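S.K.:
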Amino acid sequence: MASSVLDLVKHYQHAIEKHPNDENKVLRCIDKLFNLAVTVQHLQETGVGRTVNALRKEPGEVGQAARSLVYKWKLMVAAEESDTETDTNNDSEPTF
Numbered sequence: 001m002a003s004s005v006l007d008l009v010k011h012y013q014h015a016i017e018k019h020p021n022d023e024n025k026v027l028r029c030i031d032k033l034f035n036l037a038v039t040v041q042h043l044q045e046t047g048v049g050r051t052v053n054a055l056r057k058e059p060g061e062v063g064q065a066a067r068s069l070v071y072k073w074k075l076m077v078a079a080e081e082s083d084t085e086t087d088t089n090n091d092s093e094p095t096f
C-alpha cells in the first residue's frame, strides 16, 4: 500500500522529534522531506515546518540541511501565494 505524502511527512516529523540527537536519522529524514512533493497544506496540517525550523540552529550538517529545506519551503510558499494573488487579480472585473 502506497503511503500518502501527508502520512510520510508525519512519519518523518515524528522520527525527527523522537530521535533529535541521532544525527544520521535526522539527516535521512530531512533528505526524505526535501525530496517529497510537500505542499503548503501539508505544512499547515502537520506543523513540520516548525519542527525542521528548530533544527536550523544545530551545528554542522543537520543545521545546513534544515536551512536548505526551510529555504526550499519558503520559496514554495511564496510562489503559491504569488499564484493565488495572480488568480485573484485575474478574476476581478475589468475596469474601463
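Sequential numbering of the sequence shown, starting at 1, is according to UniProt numbering.
All residues carry an ideal CB built from backbone N, CA and C; glycine is no exception.
This structure is a prediction, so every number in the text was calculated from the model and none was measured.
If you scan the region 32 to 85 from start to end, which runs of the alpha helix (DSSP H) of 4 or more residues do you find wholly inside it?
M.R.: Correct list: 40 to 46 and 48 to 53.
S.K.: Inspect the CB distances between the region 26 to 40 and the region 4 to 17 and report whether three or more fall short of 8 Å.
M.R.: yes
S.K.: Can you check which of these residues, Leu36, Ala15, Glu23 and Val62, is closest to His4 by C-alpha distance?
M.R.: For this step, residue 4 is matched to residue 4 along the sequence shown. Contrary to the premise, residue 4 reads as Ser rather than His in this sequence. Closest option to Ser4, Cα to Cα, is Leu36.
S.K.: Any idea what DSSP makes of His19, helix, strand or coil?
M.R.: Stepping through the sequence shown from its first residue, residue 19 is reached at position 19. In the structure shown, His19 sits in coil (DSSP, three-state: anything other than H, G, I, E or B).
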